[in-house]
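Heads up, the sequence shown is in the working numbering, so the first residue is 563 and it goes up one at a time.
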Amino acid sequence: MIVALFADIHANLDAFEACLRHARQRRLDRMAILGDLVGYGADPGPVTDMVRELLATGAVVLKGNHDAAIGSTRESMNAAARAAIDWTRLQLSDEQKRWLDRLPFTTEEDDRLYVHASPRTPAHWIYIRGPEDAADGLKATDARIVFCGHVHVPQVFGLSATGKITSFKPVTGTPVPLLPHRRWLTVLGAVGQPRDGDPRACYATFDTDLSELTLHRVPYDIDAAARKILRAGLPEFLAQRLFIGH
Ligand code: ZN
563 MIVALFADIH ANLDAFEACL RHARQRRLDR MAILGDLVGY GADPGPVTDM
613 VRELLATGAV VLKGNHDAAI GSTRESMNAA ARAAIDWTRL QLSDEQKRWL
663 DRLPFTTEED DRLYVHASPR TPAHWIYIRG PEDAADGLKA TDARIVFCGH
713 VHVPQVFGLS ATGKITSFKP VTGTPVPLLP HRRWLTVLGA VGQPRDGDPR
763 ACYATFDTDL SELTLHRVPY DIDAAARKIL RAGLPEFLAQ RLFIGH
């Protein structure tokens with residue numbers, strides 16, 4: 563089975579549609595959408611509706627911190643993120659907001675755990691920024707493989723039976739074998755707001771038979787996404803950063 567993994571869409575419809583097209587042109591049996599559907603971008607309503615349809619056809623859909631912030635003022639955020647959340651709240655219907663609020667924090671499937679941030683207290687949105695965070699996250703679950711997002715920078719961490727942890731950045735288009743004698747925590751790049759210096763939209767596929775992960779980068783119409791952000795009156799920085807992927 564091929565699972566397509568999408569994290570941090572962030573209301574960037576142009577980026578998400580490009581990734582879906584790319585995934586559908588290849589083999590695709592299942593989808594997992596790992597939270598932060600909204601926030602930052604200018605198309606929260608259309609993205610929410612599109613993901614709702616995917617959920618109805620069997621996709622895994624999880625809640626991210628920006629989705630949680632729509633229904634709560636408790637989430638701590640920087641000024642640009644906060645401004646985008648306040649604007650997003652006005653764009654969504656009560657029904658869309660209720661739907662976002664009901665999304666789960668985690669889903670387990672066979673030996674895999676899907677979560678937005680660290681598996682260590684998922685509702686606290688802990689960033690996996692290095693090997694220590696990854697090891698701590700793996701300690702909090704029995705799953706052999708964890709897929710998460712939240713950081714917007716792709717990274718793979720492998721934990722050996724002796725507790726040694728290694729990490730590397732996957733090369734786009736090159737399958738990474740997640741070997742069975744290790745446990746793995748994979749941070750996916752962002753669909754809608756990459757921060758690793760590559761502005762192309764990012765998603766990944768996982769082949770459950772071969773236990774292989776492949777990262778994909780997809781060009782999309784950044785101009786269109788940025789123009790919509792400016793037209794909406796959102797902070798200019800949120801449009802500019804799409805061009806540099808940072
Ligand atoms: Zn995010």
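Don't be surprised by glycine CBs; every beta carbon is placed ideally from N, CA and C. In this text, all values refer to a predicted model and were calculated from it rather than measured experimentally.
Can you tell me whether residue i sits near the ligand ZN, meaning its C-beta is under 8 Å from at least one heavy atom of the ligand?
i: Gly751; result: no
Using DSSP bridges, identify the partner residues of residue i.
i: Pro739; result: Glu774
i: Gln653; result: In the DSSP output, where bridge partners are listed per residue, Gln653 has none listed.
i: Met593; result: Ala566
i: Glu670; result: Leu675
i: Cys764; result: Arg779
i: Ser729; result: Phe719
i: Asp769; result: Ile564, Glu774
Is DSSP giving residue i helix, strand or coil here?
i: Gly699; result: helix
i: Arg664; result: coil
i: Ile564; result: strand
i: Thr619; result: coil
i: Ile707; result: strand
i: Ile647; result: helix
i: Gln658; result: helix
i: Leu747; result: strand
i: Gln717; result: strand
i: Asp598; result: coil
i: Glu637; result: coil
i: His712; result: coil
i: Pro756; result: coil
i: Lys625; result: coil
i: His808; result: coil
i: Ala794; result: coil
i: Asp605; result: coil
i: Gln802; result: helix
i: Arg614; result: helix
i: Arg789; result: helix
i: Pro681; result: coil
i: Ile688; result: coil
i: Ala631; result: helix
i: Ala573; result: coil
i: Arg588; result: coil
My guess is that residue i and residue j are in contact by the Cβ rule of under 8 Å, so how many angstroms apart are they, rounded?
i: Ala569; j: Ala705; result: Not really, about 17 Å apart at Cβ, beyond 8 Å.
i: Thr650; j: Ala573; result: 7 Å
i: Gly601; j: Ala646; result: 5 Å
i: Leu804; j: Ala794; result: The Cβ separation is near 14 Å, so there is no contact.
i: Leu777; j: Pro716; result: 6 Å
i: Val713; j: Trp746; result: Wrong, their Cβ atoms sit about 16 Å apart, outside the cutoff.
| Residue list, Cβ distance to the ligand ADP heavy atoms smaller than 5 Å | As far as ligands go, the structure on display features the ligand ZN and does not contain the ligand ADP.
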